[in-house]
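Visitor:
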Amino acid sequence: MDKIDQIILEQIEDKTVSGEKLSKLTGISRVAVWKRIKKLEDLGYRIKHSSEGYRLIERTPYLLPVEIKRALKTGYIGKNYIFFDQIDSTNIFAKSNDLPDGTVVLAENQTKGKGRKGRRWISSKGKGLYFSIVIKRNYPLNDLMKLSLLFPYAVKEAIKDYLENQIKIKWPNDLYINNRKFAGFLIETEIEGNEINRIIAGIGININNEPEEFGDIKDTATSLKIEEGKTFCRKEIFCKVLETIEKSLNNFNSLDLINEIEKDLLWKGENIRILDEGIEGKLIGLDSSGGLKVLTEKGVLTIYSGDISVRKV
Ligand code: BTN
31 MDKIDQIILE QIEDKTVSGE KLSKLTGISR VAVWKRIKKL EDLGYRIKHS SEGYRLIERT
91 PYLLPVEIKR ALKTGYIGKN YIFFDQIDST NIFAKSNDLP DGTVVLAENQ TKGKGRKGRR
151 WISSKGKGLY FSIVIKRNYP LNDLMKLSLL FPYAVKEAIK DYLENQIKIK WPNDLYINNR
211 KFAGFLIETE IEGNEINRII AGIGININNE PEEFGDIKDT ATSLKIEEGK TFCRKEIFCK
271 VLETIEKSLN NFNSLDLINE IEKDLLWKGE NIRILDEGIE GKLIGLDSSG GLKVLTEKGV
331 LTIYSGDISV RKV
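The opening position of the sequence shown corresponds to residue 31 in the working numbering, with each subsequent residue numbered one higher.
1. I believe tyrosine 160 touches alanine 137 by the beta-carbon criterion, under 8 angstroms. Please report the beta-carbon distance rounded to the nearest angstrom.
2. Decide if serine 119 is buried, meaning its Cβ has at least 16 other Cβ atoms within 10 Å, or exposed.
3. For a test of your reading of the model: does the CB of serine 162 fall under 8 angstroms from any non-hydrogen atom of the ligand BTN? Yes or no.
4. Measuring alpha carbon to alpha carbon, tell me which residue in Ile275, Gly158, Leu52 and Ser162 is nearest alanine 188.
5. Around the C-beta of glutamate 82, are 16 or more other C-beta atoms found within 10 angstroms, so that it is buried, or is it exposed?
6. List the DSSP bridge partners of arginine 150.
7. Serine 162 by DSSP, collapsed to three states: which one?
8. From this set, Gly214, Leu287 and Leu171, which residue's C-alpha is nearest glycine 320's C-alpha?
9. Kindly confirm or deny that the region 63-72 and the region 234-250 touch, where touching means at least three C-beta pairs closer than 8 angstroms.
10. Among Asn139, Asp128 and Asn110, which one has its Cα closest to the Cα of isoleucine 117?
11. Where in the region 83-123 do unbroken runs of the beta strand (DSSP E), each at least 3 residues long, occur, reported from the N-terminal end onward?
12. Taking just the CA atoms, how far does glutamate 220 sit from lysine 293?
13. So what does DSSP say about serine 178, is it helix, strand or coil?
14. Run through DSSP, which three-state label would asparagine 168 get?
15. Specify whether the region 149-166 and the region 293-304 touch according to this definition: at least 3 beta carbon pairs, one from each stretch, less than 8 angstroms apart.
16. Tell me the DSSP bridge mates of glycine 315?
17. Does the region 305-320 come within contact of the region 174-183, defined as at least 3 CB pairs closer than 8 angstroms?
18. According to DSSP, is aspartate 7 helix, strand or coil?
19. Let me know if lysine 190 comes out buried or exposed under the rule of 16 or more other beta-carbons within 10 Å of its beta-carbon.
20. Evaluate the contact criterion for the region 249-267 versus the region 216-230: three or more CB pairs, one atom per stretch, below 8 angstroms.
21. Grab me the residues of threonine 56's own chain with a C-beta within less than 6 angstroms of its C-beta, minus the 5 sequence neighbours each way, in chain order.
22. Going straight from the alpha carbon of glutamine 196 to that of asparagine 280, what length do you get?
23. To the nearest angstrom, report how far apart leucine 86 and glutamate 307 are at their CA atoms.
24. With a threshold of 8 angstroms, establish whether the CB of serine 284 neighbours any heavy atom of the ligand BTN.
25. In whole angstroms, what is the alpha-carbon distance linking cysteine 269 and lysine 103?
26. Just how far apart, CA to CA, sit valine 63 and aspartate 44?
27. If distances are taken between C-alpha atoms only, which option among Ser335, Arg303, Ile338 and Pro182 comes closest to leucine 325?
28. Does the Cβ of leucine 129 have 16 or more other Cβ atoms within 10 Å, making it buried, or fewer, making it exposed?
29. Starting from isoleucine 77, trace the beta strand (DSSP E) in both directions and tell me its first and last residue.
30. Within 10 angstroms of the Cβ of asparagine 121, are there 16 or more other Cβ atoms? Answer buried if so, exposed if not.
31. The alpha helix (DSSP H) that contains threonine 274, what's its start and end?
32. If the criterion is Cβ atoms closer than 9 angstroms, does the pair lysine 328 and leucine 93 meet it?
33. What separation, rounded to the nearest whole angstrom, lies between the Cα atoms of isoleucine 112 and isoleucine 98?
Structure below.
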């Protein structure tokens, strides 16, 4: 979308404007105005055509840069915003390009959405939020666990006020409602010595997805729409999520993240099994660096590897 499209959109936002007036204002012919109106409609904008001219009825549901720019209130997260209608995976793109700190890469549809442990992330067009955030700052390696917990914490904080249901955090970083997962995080890092130099935080949030989209995982996967019984505005949630992530990153050192996460930790006080390690016991909470504490027959074990799967027994 270029400057002329933006002028047309601004003009027809709250009033009907004739093709002739739009032609004068933009310096292009009336036929060219009509072609641009058609292009805007293809981008998802709903425009009423009448004998008096054109009027915008509804903005596009797609998360186009022009839409995000006017709604987002952040200092650096998303200031560089890269939008794809379709891509293999936003994480793959963010990892293989040298993008500035705070860049957000979003796709309406991913053909190879990556989940943890080589799984795939179902990314139906226009239904969820599929994006990656590039953080190019230095953090001590010791903060790795806490940093990867920050993203689910911030997303939960951003979304909770929109919901009737309570959000739970499944360690290390899944978000659940009613025992089913609606958001996942793929945190990929670049480490040099004892420092983290770059974080690619890949975030998938099922917003308006329908049960059929989840196929054979529909018993364990869900969306906000399925749980709450209503459709959500993805743009509003996306901006709120980015704003809350930025705020949490800015307060990283003063935020009592461990305590905050423990309050909403899924299966706290219940018996769980750690599939890959064959450990079984009672989930008692988190230690000061974010590891999972499990009370087993052999005493308290703390698990730090995020690359595991926890199940309830
Ligand atoms: C998981 O729970 O297994 C992690 C899912 C992460 C999915 C997101 S969607 C946007 C970003 N791009 C990807 O390919 N994956 C992450």
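All C-beta atoms, glycine included, are put in the ideal place defined by N, C-alpha and C.
Guide: By the coordinates alone:
1. 5 angstroms
2. buried
3. yes
4. Ile275
5. exposed
6. Lys144
7. strand
8. Leu287
9. no
10. Nearest C-alpha to isoleucine 117: Asn139.
11. 83-88 and 111-114
12. 30 angstroms
13. helix
14. coil
15. Because the criterion of three Cβ pairs below 8 angstroms is not met, the region 149-166 and the region 293-304 do not touch.
16. Lys323
17. yes
18. Absent from the structure is residue 7, since the part of the chain shown begins at 31 and ends at 343.
19. exposed
20. no
21. Ile34 and Ile37
22. 26 angstroms
23. In this model, leucine 86 and glutamate 307 are separated by some 57 angstroms (Cα to Cα).
24. no
25. Looking at the two C-alpha atoms, the distance is approximately 7 angstroms.
26. Straight-line measurement puts the Cα of aspartate 44 at about 18 angstroms from the Cα of valine 63.
27. Arg303
28. buried
29. Taken as a continuous stretch (DSSP letters only), the beta strand (DSSP E) holding isoleucine 77 covers 76-80.
30. buried
31. It spans 264-280 - the alpha helix (DSSP H) in which threonine 274 sits, taken as one unbroken run.
32. no
33. 11 angstroms
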